[in-house]
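Chemist: Read left to right, the sequence shown gives residues 1 to 358 (full-length UniProt numbering). All C-beta atoms in this analysis are idealised placements derived from N, C-alpha and C, irrespective of residue type, glycine included. As the structure is a computational prediction, the values presented were derived from the model and not from experiment. First, the structure itself, so that you have it in front of you.
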Amino acid sequence: MAGKKKSRPVVTGLVLLALVGTSGYLTLELRKQDEQGVTEVRNVGVLEGGRSTGTATESGKETWSRLENPARSVLRGSDGQIKAVFTDGARTATLTGSARTFQEPTSTASKVSTTDWVRLMPERWKKGAESKKWFKDWYAEYEDSKEDDIFAFAFQYVAGAPVKKDAQGTVYAGDANFGPLNTTGAEGGDLRLEQSDFYDYLGVQYPFRDGTVGQPESMRARSIDCSGFMRMVLGYRARYPLMSSDASGDGLPRTANGMARSKAGVDILPLAGISAQDRPSAIDQLQPGDLVFFKLDTRTGDRLDHVGMVLGHDTEGHLIFVSSREEVNGPTIGDVGGVSRLDGNGYYAKTLRSAKRL
């Protein structure tokens, strides 16, 4: 579903180099509107937090241990530093690798410099999986790999991202729109239409495992709404199973509400309700790659209506997420329409309702 309902300018570029000066003014003006009152979270506690259980086991120079809340296995190197975190019931894993910086200077001064690489395992993790052949083979392939991960996929759709084509000539990556302009006044008069899925961006039919075939609409070409963006990155690119709707098949549902309420993955911040008092407080349990769900629009009733993915802490210490939003007309970590951070008391922080680790 869409993000906050309001018109926006179109963002024209992504730079993974130096920040441009004009974005600093935009960020300052927008952040003046960011209400105070909630302590800023400057360290994600999930990697170190929780109580260790059992006895650590050594394998060469590496050490395994177990932590709780959520139940997970942590792999450390001989220097004691974390090399990877694997959560029971989840297929996404966070591995430590070379440093990268993600930024979008045309719409924010925020930038995230991180050594976290988020990848999809072939099976769900469970205690003891470190001894299984499937895991040993998978980890040997990706331990020090610089092959594109889920974060790299996500930033291949932000403003200015270069076009990528497959062997058949299908454009599978490049600057994405949120959706086509709303010229008829439908959906409450929003500037852009929702409901653009990953196969609309691709412009090709997509056969789902339940037998349904996704039919792209030409007016939605190169467009992905917030949940369509997650399905593109996690499903089409990383190969997590996809449902054809919120009700048919197994895997990742079509909408933000369907994803939040599905049995897929592990609930890190369980959904307590949709009202302001149901805002979760323990966001230190979040880690890079987690899906976060929001309640933005009263017109959607009891439905959650926006989804994003935790990227990490920016250089100011704020926890940032990436999503596809109407305000910027596509995937963004930007400040247009509200800063893309989960701590503090800004627009998206206040409307956060739950989180899931796939």
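Where does Glu141 fall in DSSP's three states?
Modeler: The answer is helix: DSSP assigns Glu141 an H, G or I state.
Chemist: Using a Cβ-Cβ cut-off of 7 Å (strictly less than) and excluding sequence neighbours within five positions of Gly77, which residues of its own chain qualify?
Modeler: Cβ neighbours of Gly77 beyond the five flanking positions: Lys61, Glu62 and Lys83.
Chemist: Identify the residues that DSSP records as bridge partners of Gly330: which are they?
Modeler: For Gly330, which the question treats as bridged, DSSP gives the partners Arg325.
Chemist: Which word fits Ser113, buried or exposed, when buried means at least 16 other C-beta atoms lie within 10 angstroms of its C-beta?
Modeler: Exposed, by the Cβ-count rule.
Chemist: Identify, in the order they occur along the chain, each residue of the same chain with its Cβ nearer than 8 Å to the Cβ of Leu202, setting aside the five sequence neighbours on each side.
Modeler: Counting only Cβ-Cβ distances below 8 Å, and skipping sequence neighbours, we find Thr170, Val171, Tyr172, Pro216 and Tyr236.
Chemist: Looking at the strands, I want to know which residues DSSP matches up with Thr92.
Modeler: Thr92 pairs with Leu120.
Chemist: Here's a check: name, in chain order, each residue in its chain whose Cβ is nearer than 6 Å to the Cβ of Val163, leaving out the five neighbours to either side.
Modeler: Val171 and Gly174.
Chemist: Is the beta carbon of Phe229 less than 9 Å from the beta carbon of Ala154?
Modeler: It is a contact, given that the beta carbons lie within the stated cut-off.
Chemist: Do you know offhand how far Ala282's Cα is from Ser218's?
Modeler: Rounded to the nearest angstrom, the two C-alpha atoms are 43 Å apart.
Chemist: For the beta strand (DSSP E) that contains Tyr348, what are its first and last residues?
Modeler: Per DSSP, Tyr348 belongs to no beta strand (DSSP E); it is in the alpha helix (DSSP H), Tyr347 to Thr351.
Chemist: Can you grab the Cα-Cα spacing for the pair Ser340 / Asp302, in whole Å?
Modeler: Rounded to whole angstroms, Ser340 to Asp302 spans 23 Å at the Cα level.
Chemist: Quick one: using the 10 Å Cβ neighbour count with 16 as the cut-off for buried, is Trp134 buried or exposed?
Modeler: Looking at its Cβ environment, which holds fewer than 16 other Cβ atoms inside 10 Å, Trp134 is exposed.
Chemist: Let me know if Lys356 comes out buried or exposed under the rule of 16 or more other beta-carbons within 10 Å of its beta-carbon.
Modeler: Under this definition Lys356 is a buried residue.
Chemist: Suppose the cutoff is 7 Å on Cβ atoms and the five residues either side in sequence are ignored; what does the same chain contact list for Gly338 look like?
Modeler: Excluding sequence neighbours, Gly338 sits near Lys4, Gly346, Tyr347 and Tyr348.
Chemist: Judging by CA-CA distance, which residue of Leu342, Val328 and Glu141 is the nearest neighbour of Val336?
Modeler: Nearest option by C-alpha distance: Val328.
Chemist: Could you tell me whether the segment 232-246 touches the segment 270-285, where touching means 3 or more Cβ pairs closer than 8 Å?
Modeler: Touching, no.
Chemist: Taking 8 Å as the threshold, find out whether the segment 85-103 comes into contact with the segment 136-152 through three or more Cβ pairs.
Modeler: Because the criterion of three Cβ pairs below 8 Å is met, the segment 85-103 and the segment 136-152 touch.
Chemist: Between Val266 and Ala129, which are expected to be in contact by the criterion C-beta below 8 Å, what is the C-beta distance as a whole number of angstroms?
Modeler: Contact doesn't hold; Cβ gap of about 14 Å is too wide.
Chemist: Using the three-state DSSP reduction, which class does Thr212 fall into: helix, strand or coil?
Modeler: The answer is coil: DSSP assigns Thr212 none of H, G, I, E or B.
Chemist: For Lys295 and His306, what's the separation of their Cα atoms in angstroms?
Modeler: Each residue's Cα considered, the two are about 7 Å apart.
Chemist: Look at Arg325 and Phe178 and say whether their C-beta atoms are less than 9 Å apart.
Modeler: Cβ distance < 9 Å, so Arg325 and Phe178 count as in contact.
Chemist: Buried or exposed, going by whether 16 or more other CB atoms sit within 10 Å of the CB of Gly344?
Modeler: Answer is buried; the Cβ neighbour count reaches 16.
Chemist: Among the residues of its own chain, which have a CB less than 6 Å from the CB of Leu17, if the five just before and after it don't count?
Modeler: Below a pLDDT of 50, predicted positions are generally treated as unreliable, and Leu17, at 30, falls in that range; no measurement from the model is reported.
Chemist: Please report the distance separating the alpha-carbon of Val292 from that of Lys132.
Modeler: Taking the straight line from one Cα to the other gives about 31 Å.
Chemist: To the nearest angstrom, how far is the alpha carbon of Leu333 from that of Tyr240?
Modeler: Going by the sequence as given, residue 333 is Ile instead of Leu. Roughly 23 Å between the two C-alpha positions.
Chemist: Determine the direct distance from the alpha carbon of Gly308 to that of Arg279, and round the result to whole angstroms.
Modeler: Rounded to the nearest angstrom, the two C-alpha atoms are 16 Å apart.
Chemist: Restricting to runs no shorter than 4 residues, where is the alpha helix (DSSP H) found entirely within the segment 235-321?
Modeler: You should have 256-261.
Chemist: Excluding the 5 residues flanking Gly249 on each side, which residues of the same chain have their C-beta closer than 8 Å to its C-beta?
Modeler: Contacts found: Phe208, Arg209, Asp210, Thr212, Pro241, Leu242 and Met243.
Chemist: What residues match up with Ser223 in a beta bridge as DSSP calls it?
Modeler: Paired residues: Asn177.
Chemist: The alpha helix (DSSP H) with Phe155 in it runs from where to where?
Modeler: Element bounds for Phe155: n/a, residue is neither H nor E.
Chemist: I'd like to check one pair, Asp149 with Ser196: are the Cβ atoms closer than 9 Å?
Modeler: Contact flag unset, no.
Chemist: Could you pull the DSSP bridge partners for Arg100 from this structure?
Modeler: Thr114.
Chemist: On a CA-only basis, which of Ile320, Arg353 and Gln287 is nearest Arg72? Give me that one, please.
Modeler: If we check each option's Cα against that of Arg72, Gln287 comes out closest.
Chemist: Is Val336 helix, strand or coil when you go by DSSP?
Modeler: Val336: coil per DSSP, three-state reduction.
Chemist: Just verifying my parser: in three-state terms, what is the DSSP assignment at Ser73?
Modeler: Ser73: strand per DSSP, three-state reduction.
Chemist: Could you give the DSSP three-state label for Ser65: helix, strand or coil?
Modeler: DSSP places Ser65 in strand when its eight states are reduced to three.
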